[in-house]
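All remarks here apply to the structure that follows.
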Amino acid sequence: MNILVTGGAGYIGSHTCVELLEAGYNVTVVDNLSGSSRKAVERVENITGKNISFYEADICDKNTLFDIFDREKADAVIHFAALKSIPDSVARPLEYYNNNVTGTINICEAMKKFGVSKIVLSSSAAVYGKTTELPVKESSPLLPVNPYGRTKLIQEQIICDFCGSINGASVILRYFNPVGAHKSGLIGEDPKGTPSNLVPYISQVACGRLKQLNIYGDDYETPDGTGVRDYIHVVDVAKGHIKAIEKLNHEKSGNFIFNIGTGKGYSVIEMMKSFEKASGKNIDFVFSSRREGDVDACYADVSLAQRELGWKAEYGIDDMCSDAWKWQKLNPEGYR
Ligand code: NAD
Ligand code: UDP
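The opening residue of the sequence shown carries number 525 in the numbering used here; numbering runs sequentially from there.
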């Protein structure tokens, strides 16, 4: 079975390619490398000993995308390719709508033209936004609070409407906070510029690239006053995609939406302490003011994925931090 993976050179995409190849699928990657490196694909090939059919191409370029679909005869698509920084999306909303929404429409058009009727979409807990219901269920209100979250919700709606129109099937995975790296230390998260997410920021403090962690807020309604999130190991996220493809092999039509988290929330301080234990380094930090748009706590109800996908996270925060540290230590400058 051939799976066409958009954004397969990226952080979650590269880890998913490892799992796909190891499960015996053929993999075609389409990535414009705007947020990643060709080296990630080579390293996936090294880890698995298998080849990937790689196209450096932009999914917004419809003609090229059609050529790739024509050549590769995909049985299903996993659609990761997107811009993903929340602050960047506030500064450059049109680029986000153009890339994430137009790109998704093009993927659907290519699927229609070449008779592909199954797709897995990367969505995000960002679609829940200001939702106060905890744990967050798939049926919780969808109130995204930034352009990035809105593009994710629009992508979901496009995919559901499209699959409805062709009698196709989709699995939409709403990831909570993916962190960590592959056990080999060969692939991991490689943010461009200063990281805005917690774990890559802590990693760069630990290896001396950044001086000090700013903890955004110490007066949240949480046990230690710092923000609580549902961190999930990226390899668990990747394995969720194998379950999603298996579900699509059984379901001819319909749209299926699942939270992908552990169901447990950890605070910034708990993550920092776990990282200190994993790395043996002290993380210098300072409390600073709250970051705009942040909520006190957000963690998932993951019972639906467990019941309907047969998927459950296996790793805890200590694995997440030690694997993130191994990647950072072996690759202090990322793929550069
Ligand atoms: P990433 O930036 O590492 O990967 C995205 C990949 O898509 C990159 O390789 C980039 O080069 C590629 N890409 C972007 N626009 C493209 C285009 N127009 N054409 C071709 N390729 C393009 O990000 P990631 O963390 O791996 O995220 C993957 C998906 O998961 C995204 O859809 C993101 O919105 C979603 N997601 C990520 C997180 C997270 O915390 N990492 C959380 C929730 C959801
Ligand atoms: N955070 C922090 N300092 C940082 C980055 C993040 O204190 O440099 C906090 C942030 O306020 C939130 C948690 O860490 O409570 C997770 O933030 P991240 O950006 O990783 O994920 P998201 O906010 O998208 O859930």
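The beta carbon of each residue, even a glycine, is placed where N, CA and C say it ideally should be. What you are looking at is a predicted structure, and each value in this text was computed from that prediction instead of being measured.
Under 8 Å between C-beta atoms of residue i and residue j
{"i": "Ile784", "j": "Val758", "result": "no"}
{"i": "Ala862", "j": "Gly531", "result": "Residue 862 lies beyond the range of the chain shown here (525 to 860); nothing can be said about it."}
{"i": "Lys771", "j": "Val695", "result": "yes"}
{"i": "His603", "j": "Val542", "result": "no"}
{"i": "Leu667", "j": "Lys654", "result": "yes"}
{"i": "Phe638", "j": "Asp594", "result": "yes"}
{"i": "Phe782", "j": "Leu697", "result": "yes"}
{"i": "Tyr740", "j": "Arg831", "result": "no"}
{"i": "Phe700", "j": "Tyr621", "result": "no"}
{"i": "Trp849", "j": "Phe799", "result": "yes"}
{"i": "Leu589", "j": "Asn630", "result": "yes"}
{"i": "Lys716", "j": "Gly534", "result": "no"}
{"i": "Lys767", "j": "Leu833", "result": "yes"}
{"i": "Ile682", "j": "Cys632", "result": "yes"}
Extent of the continuous alpha helix (DSSP H) to which residue i belongs
{"i": "Pro671", "result": "Pro671 to Ile690"}
{"i": "Thr572", "result": "Arg562 to Thr572"}
{"i": "Thr588", "result": "Lys586 to Glu596"}
{"i": "Ser803", "result": "Val792 to Ser803"}
{"i": "Ser897", "result": "Outside the modelled stretch of the chain, which goes from 525 to 860, sits residue 897, for which no answer is possible."}
{"i": "Ile841", "result": "Ile841 to Leu854"}
{"i": "Ile631", "result": "Gly627 to Lys637"}
Own chain residues within Cβ distance below 6 Å of residue i, not counting five before or after
{"i": "Val729", "result": "Leu737 and Ile807"}
{"i": "Lys661", "result": "Asp825"}
{"i": "Thr626", "result": "Cys584"}
{"i": "Met712", "result": "Going by the sequence as given, residue 712 is Gly instead of Met. Here the set comprises Ala705 and Trp851."}
{"i": "Lys563", "result": "Tyr859"}
{"i": "Thr552", "result": "Leu528, Ser577 and Glu596"}
Same chain, Cβ closer than 7 Å to residue i, neighbours up to 5 away in sequence not counted
{"i": "Glu838", "result": "Asp760"}
{"i": "Glu870", "result": "The question about residue 870 has no answer here: the residues shown for the chain are numbered 525 through 860."}
{"i": "Tyr927", "result": "It is not possible to answer for residue 927, since the shown part of the chain is limited to 525 through 860."}
{"i": "Asn526", "result": "Asn550, Thr552, Glu596, Lys597, Ala598 and Asp599"}
{"i": "Arg567", "result": "Leu710 and Ile711"}
First through last residue of the beta strand (DSSP E) which encompasses residue i
{"i": "Gly751", "result": "Element bounds for Gly751: n/a, residue is neither H nor E."}
{"i": "Tyr699", "result": "Ala693 to Tyr699"}
{"i": "Val529", "result": "Asn526 to Thr530"}
{"i": "Gly516", "result": "No statement about residue 516 is possible, as the shown extent of the chain runs from 525 to 860 and does not include it."}
{"i": "His603", "result": "Ala600 to His603"}
{"i": "His757", "result": "Tyr755 to His757"}
{"i": "Leu868", "result": "Residue 868 cannot be examined here, being either before or after the span of the chain that is shown, 525 to 860."}
{"i": "Ile610", "result": "Careful: Ile610 lies outside any beta strand (DSSP E), inside the alpha helix (DSSP H) at Ile610 to Ala615."}
{"i": "Val729", "result": "That residue, Val729, is in no beta strand (DSSP E); its alpha helix (DSSP H) goes Leu722 to Ala730."}
{"i": "Lys642", "result": "Lys642 to Ser648"}
Same chain, Cβ closer than 8 Å to residue i, five either side skipped, listed in chain order
{"i": "Lys636", "result": "Phe686 and Ile690"}
{"i": "Asp820", "result": "Tyr744, Glu745, Thr746, Gly751 and Val752"}
{"i": "Ile536", "result": "Phe604, Ser646, Tyr699, Pro702, Val758, Val761 and Ala762"}
{"i": "Ser664", "result": "Tyr652, Thr655 and Glu657"}
DSSP beta-bridge partners of residue i
{"i": "Asp555", "result": "Glu580"}
{"i": "Asn550", "result": "Asn526"}
Supposed close pair residue i, residue j - CB separation, criterion 8 Å
{"i": "Ser647", "j": "Glu680", "result": "5 Å"}
{"i": "Pro671", "j": "Pro617", "result": "4 Å"}
{"i": "Leu506", "j": "Thr572", "result": "What is shown of the chain runs 525 to 860, which leaves residue 506 out entirely."}
{"i": "Ala650", "j": "Glu775", "result": "That pair is no contact at about 26 Å."}
{"i": "Lys642", "j": "Asp847", "result": "Not quite, the Cβ-Cβ distance comes to about 30 Å (not below 8 Å), so this is no contact."}
{"i": "Tyr755", "j": "Ile841", "result": "6 Å"}
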